Amino acid sequence: MIQDPKIGRTVIAKRVALELKDGDIVNLGIGIPTLVANYIPKGVTVFFQSENGILGMGPAPEPGYEHPNLTNAGGSPVTFLPGAAAFDSATSFGLIRGGHVDITVLGGLQVDEEGHLANWMIPGKLIPGMGGAMDLVTGAKRVIVAMTHIEKNGASKIVKKCTLPLTSVRRVDLIVTNMAVIEVTEKGLLLKEIAPQTTLDEVLKYTEASLIVPEQVPTMPVSL
Amino acid sequence: MIQDPKIGRTVIAKRVALELKDGDIVNLGIGIPTLVANYIPKGVTVFFQSENGILGMGPAPEPGYEHPNLTNAGGSPVTFLPGAAAFDSATSFGLIRGGHVDITVLGGLQVDEEGHLANWMIPGKLIPGMGGAMDLVTGAKRVIVAMTHIEKNGASKIVKKCTLPLTSVRRVDLIVTNMAVIEVTEKGLLLKEIAPQTTLDEVLKYTEASLIVPEQVPTMPVSL
Amino acid sequence: MKNKLISVEQAIEMIPDGAVLMIGGFLGDGTPELLVDGLIKAGKKNLTVIANDTAFPDRGIGKLIANKLVKKVIVSHIGTNPETQKQMIEGTLEVELVPQGTLAERVRAGGFGLGGILTPTGVGTVVENGKQKITINGKEFLVETALKADFALIKAKKADFLGNLVFNYTARNFNPLMAFAGNVTIVEVDELVPVGGIDPNEVHVPHAVVDYIVRGNAK
Amino acid sequence: MKNKLISVEQAIEMIPDGAVLMIGGFLGDGTPELLVDGLIKAGKKNLTVIANDTAFPDRGIGKLIANKLVKKVIVSHIGTNPETQKQMIEGTLEVELVPQGTLAERVRAGGFGLGGILTPTGVGTVVENGKQKITINGKEFLVETALKADFALIKAKKADFLGNLVFNYTARNFNPLMAFAGNVTIVEVDELVPVGGIDPNEVHVPHAVVDYIVRGNAK
Chain W
-2 MIQDPKIGRT VIAKRVALEL KDGDIVNLGI GIPTLVANYI PKGVTVFFQS
48 ENGILGMGPA PEPGYEHPNL TNAGGSPVTF LPGAAAFDSA TSFGLIRGGH
98 VDITVLGGLQ VDEEGHLANW MIPGKLIPGM GGAMDLVTGA KRVIVAMTHI
148 EKNGASKIVK KCTLPLTSVR RVDLIVTNMA VIEVTEKGLL LKEIAPQTTL
198 DEVLKYTEAS LIVPEQVPTM PVSL
Chain E
-2 MIQDPKIGRT VIAKRVALEL KDGDIVNLGI GIPTLVANYI PKGVTVFFQS
48 ENGILGMGPA PEPGYEHPNL TNAGGSPVTF LPGAAAFDSA TSFGLIRGGH
98 VDITVLGGLQ VDEEGHLANW MIPGKLIPGM GGAMDLVTGA KRVIVAMTHI
148 EKNGASKIVK KCTLPLTSVR RVDLIVTNMA VIEVTEKGLL LKEIAPQTTL
198 DEVLKYTEAS LIVPEQVPTM PVSL
Chain H
8 MKNKLISVEQ AIEMIPDGAV LMIGGFLGDG TPELLVDGLI KAGKKNLTVI
58 ANDTAFPDRG IGKLIANKLV KKVIVSHIGT NPETQKQMIE GTLEVELVPQ
108 GTLAERVRAG GFGLGGILTP TGVGTVVENG KQKITINGKE FLVETALKAD
158 FALIKAKKAD FLGNLVFNYT ARNFNPLMAF AGNVTIVEVD ELVPVGGIDP
208 NEVHVPHAVV DYIVRGNAK
Chain B
8 MKNKLISVEQ AIEMIPDGAV LMIGGFLGDG TPELLVDGLI KAGKKNLTVI
58 ANDTAFPDRG IGKLIANKLV KKVIVSHIGT NPETQKQMIE GTLEVELVPQ
108 GTLAERVRAG GFGLGGILTP TGVGTVVENG KQKITINGKE FLVETALKAD
158 FALIKAKKAD FLGNLVFNYT ARNFNPLMAF AGNVTIVEVD ELVPVGGIDP
208 NEVHVPHAVV DYIVRGNAK
């Protein structure tokens, strides 16, 4: 398995980026998902939507070019790309809930065998609130969870059944971690790819949920 | 009673105009209500809202100044007054249903003792559709019905109970006709004023509904 | 990236007989006339049209009625088009009347991923027939369900090549709402500007919901 | 005609202790800071605040929390303000968490005269606790009810003297929705222009819903 956490996050971001198709409308969550923007494949143009009310968001501005009224959903300064549009929160979630966002990439605390995601609270410990996550998971055309495979204490985040409060009963479509790519199918969790420097045994060891393992499982097509 | 129908309509419009207060947001229906705009008292500024998506509508343009994208709810060319705003139909009815329109003036087919209005269809005969009328009566802060007191065949339009399909269960506030001003109260229909050239007997004769008649009923304060 | 710009003919080719269409406009103001004419020229049949009204026999949506392309309309008003009333009485055209504010919200709900809305409009009238009612804090509301369409045919004043839209005055009406509610949304525009040519604050509809752009005849 | 232009002090004077306030902004972007500061200076108590989030302890709505003016918040997110979480755990601040898209629609419904909306968001999660559910075409939706406020305190980039409003980029967020939902709506603006100085197509909120205007500090 990949030992360096930073490399692990980069691998996740690079692999998720390969899921983006030309012309996609994409919403990236805070944390690892944000990194995905750095690895869009050449020749692919995507449009980033941010739930605070913008489509066509560009990267952070050069120092001195920050504008207080142009921020992302984490409150950080961003820029406009040509063709950007600003709108109110109801319209922003109209895009999200209405299925007009092609892909959302979100962080996760747990995903279970049914593809259910928990990512917004740990009762009695951490209650940041769901923000836009529940609408994003419920409404986006495709939901990708980008997260580390295990917690700091070694516990698997891919579990038989979520013990944390669910974000939505809508199944996620794909799970990308620092150890594997897992597709949520009608029959269960299908192991699609294994991360570089990682063995199948490691994946199985650190995955609490049952996995459907094909005879051949390729390595993630990402460079380290 | 006033014999000339045109003078009758003018009396209605002039009397309704006296109900408008400085700063009011006003929606006028098609027909007699449209005439009200011609008689706004001096010193009173009101803002006309039209349900097709405009606030700050001015009168018809001079010939040659018509623009195809600036029309009223009847499809006729109008103008902008300074401070006008354009918006979509959902926002337009957000203003209407949300109680942001101070007064709506609508035509009527029948109003009954409970203050219920019927004004959008005659089954088997005339089915234009309700357009915005149901939202206007349900949502506007104050609803004034401006109509002739009787039909062409002499039948009273102020009835015990509406026989035509209702526009809303929301009571109207005031009825202004070519014969009288009638306020809808908790106790019933209160005769407030009688039109010029009209007697109390005539009002009672042409009103099917029971009226509460005070000892003194003044004449409408309008010139012919 | 996909070029959204197509001809009227290409747009019309996509639309099968029997399609459910949302068409923008208020008594013809803000209706995509070239697309309407294209439907007529192609002789489409059995269309269902969701729109504010049926305009006039020789204008906007009214032309579709006059040419008998439509089997059903869901509208708030048909009073300006005698042809609509005639076909309704003859039994060849089904007319579903919806209060205008409710129609706007139902279209918006469809495009915004809502199941519907709760409105006081229509409570206690014939409009409530067959509908669920919900009481909130002692007040009754009708459950009015979302509307979607196979195609939304809308008219904008201006678009960039991505499909960001700006509407003009009272030609806005149902157009921005329908843009979200069409499974395929086709916009007829009078002015096409470069990407980046519209102030982000002034975009009325973001390009994410626009599938195709057709050049209109500027007036 | 009433002049809507007032001072911050006059605005704050109208607001009693215990008032329900909607306050615009997203992590402080688009929050009327002068009005927030005015509430703190006046030492208002037991406020209920409806907003997207509680921002940061030293910015926007977060300052109201840090200064303990608030007894309850209805928000989608409190993760950026440790003070909110602290007071919640201590039991001095009630926190009602609402999914962001649902919150936007509930505020809009309040301002638009709807009883509420039907959303798929939250079905099957703790968010559905205590709420009615409705099935439409076999799909479950939560009934989410409208929200209103005694006062809406919002921030706009530009206003004319009537109160027509234009917002700036991501500072728009909840502001236009709240403008409709306040029984009294007070807007803090950076730029005041003459009546007629805004293109009708570019007005984001028509003046009918704006009661008072306060001059802000332009940035």
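Protein chains in written order, with my numbering: chain W, -2 to 221; chain E, -2 to 221; chain H, 8 to 226; chain B, 8 to 226.
Note that the Cβ used here is the ideal one computed from N, Cα and C, for glycine as well.
Remember, predicted model here, so these are calculated numbers, not experimental data.
Would you mind telling me which residues of chain E sit closer than 9 Å to Leu42 of chain B, beta carbon to beta carbon, in chain order?
-> Simply none; closest approach about 21 Å.
Using CA coordinates, which residue listed in E:Ile9, E:Leu52 and E:Asn35 is at the minimum distance from Gly20 of chain E?
-> The shortest C-alpha to C-alpha distance from Gly20 of chain E to any of E:Ile9, E:Leu52 and E:Asn35 is the one to E:Leu52.
By how many angstroms is the C-alpha of Ile81 of chain B removed from the C-alpha of Ile57 of chain B?
-> 5 Å
Neighbour list for Ile85 of chain B in chain W, Cβ cutoff strictly below 9 Å = Ile124, Pro125 and Gly126
Among H:Gly120, H:Arg222 and H:Thr132, the one whose alpha carbon lies nearest that of Val216 of chain H | The candidate whose alpha carbon is nearest that of Val216 of chain H is H:Gly120.
What residues in the region 42 to 60 of chain W bring their beta carbon closer than 7 Å to a beta carbon of chain B?
-> Glu48, Asn49, Gly50 and Ile51
With 16 other CB atoms within 10 Å as the buried threshold, where does Arg167 of chain E fall?
-> Label assigned to Arg167 of chain E: buried.
To which residues of the same chain is Val15 of chain H closer than 7 Å at the C-beta, ignoring the five residues directly before and after it?
-> Leu41, Leu42, Gly45 and Val221
Between the C-alpha atoms of Asn144 of chain B and Lys155 of chain B, what's the straight-line distance to the nearest angstrom?
-> Cα to Cα, Asn144 of chain B sits roughly 30 Å from Lys155 of chain B.
Can you have a look at Ala57 of chain E and say buried or exposed, based on whether 16 or more other CB atoms are within 10 angstroms of its CB?
-> exposed
Indicate whether at least one CB of chain H lies closer than 7 Å to the CB of Gly185 of chain E.
-> Contact of Gly185 of chain E with chain H is not assigned, every C-beta pair being separated by 7 Å or more.
Could you tell me whether the Cβ of Lys226 of chain H comes closer than 7 Å to any Cβ of chain E?
-> In this predicted model, Lys226 of chain H has a pLDDT of only 44, less than 50, meaning its place in the structure is not dependable; the value taken from the coordinates is given anyway. So yes, Lys226 of chain H belongs to the interface.
Euclidean distance between Cα positions of Ile96 of chain H and Lys122 of chain E = 10 Å
Got a sec: is the Cβ-Cβ distance from Leu121 of chain H to anything in chain B below 7 Å?
-> yes
With a Cβ-Cβ cutoff of 7 Å, do Glu101 of chain B and Pro64 of chain B count as a contact?
-> No, these two residues do not count as a Cβ contact at 7 Å.
Quick one: what's Lys50 of chain W bridged to in DSSP?
-> It should be noted that the sequence gives Gly, not Lys, for residue 50 of chain W. BP columns for Gly50 of chain W are empty, so no partner.
7 Å Cβ cutoff, Gly72 of chain W in contact with chain B = Yes, contact with chain B.
Contacting positions in the region 198 to 214 of chain B - beta carbon closer than 7 Å to chain E | Listed in sequence order: Val202, Gly203, Pro207, Asn208, Val210, Pro213 and His214.
Which residue's Cα is closest to the Cα of Gly203 of chain B: E:Ala83, E:Leu221, E:Lys39 and E:Ile100?
-> Nearest of E:Ala83, E:Leu221, E:Lys39 and E:Ile100 to Gly203 of chain B, Cα basis: E:Ala83.
Run down chain W in chain order and give the residues with a C-beta less than 9 Å from the C-beta of Gln92 of chain B.
-> Residues of chain W with a Cβ closer than 9 Å to the Cβ of Gln92 of chain B are, in chain order, Leu123, Ile124 and Pro125.
Who are the Cβ neighbours of Phe47 of chain H in its own chain at under 8 Å, not counting the five residues just before and after it?
-> A small fix is needed here, since residue 47 of chain H is Ile in this sequence, not Phe. Answer for Ile47 of chain H: Lys70, Leu71, Asn74 and Leu76, listed in chain order.
Apart from the five residues just before and just after Glu225 of chain W, which ones in its own chain have a Cβ nearer than 6 Å to its Cβ?
-> Given a span of -2 to 221 for chain W in the structure shown, any question on residue 225 of chain W remains unanswerable.
Complete runs of the beta strand (DSSP E) confined to the region 114 to 165 of chain W [at least 3 residues] = Correct list: 139 to 143.
Would you call Thr42 of chain E buried or exposed, if buried means 16 or more other Cβ atoms sit within 10 Å of its Cβ?
-> exposed
Which one of E:Thr216, E:Ala206 and E:Ser207 has the shortest CA to CA distance from Lys189 of chain E?
-> E:Thr216
Keeping to the same chain, check which residues put their C-beta closer than 8 Å to that of Gly91 of chain W; ignore five residues upstream and five downstream.
-> His97
Sort out for me which residues DSSP pairs Arg222 of chain B with in a bridge.
-> B:Val196
For the alpha helix (DSSP H) that contains Leu71 of chain H, what are its first and last residues?
-> Ile68 to Ala73
By Cβ distance, which residues of its chain are closer than 7 Å to Gly50 of chain E, with the 5 residues on each side in sequence left out?
-> Ala83, Phe84, Asp85, Ser86 and Ser89
Just the C-alpha distance for Met131 of chain E and Phe44 of chain E, rounded to the nearest angstrom, thanks.
-> 21 Å
Determine, using beta-carbon pairs with one atom in the region 191 to 203 of chain B and one in the region 158 to 175 of chain B, whether at least three such pairs fall under 8 Å.
-> yes
Sequence ranges, beta strand (DSSP E) only - wholly within the region 42 to 107 of chain W, length at least 3 = 44 to 47, 51 to 55, 76 to 83 and 100 to 103
Counting along the chain, where does the alpha helix (DSSP H) carrying Thr109 of chain H start and finish?
-> Looking at the DSSP string, the run of the alpha helix (DSSP H) that includes Thr109 of chain H is Gln107 to Phe119.
Chain B contacts made by the region 64 to 97 of chain E, where a contact means CB separation under 7 Å | Phe77, Pro79, Gly80, Ala81, Ala82, Ala83, Phe84, Gly91, Leu92, Arg94, Gly95, Gly96 and His97
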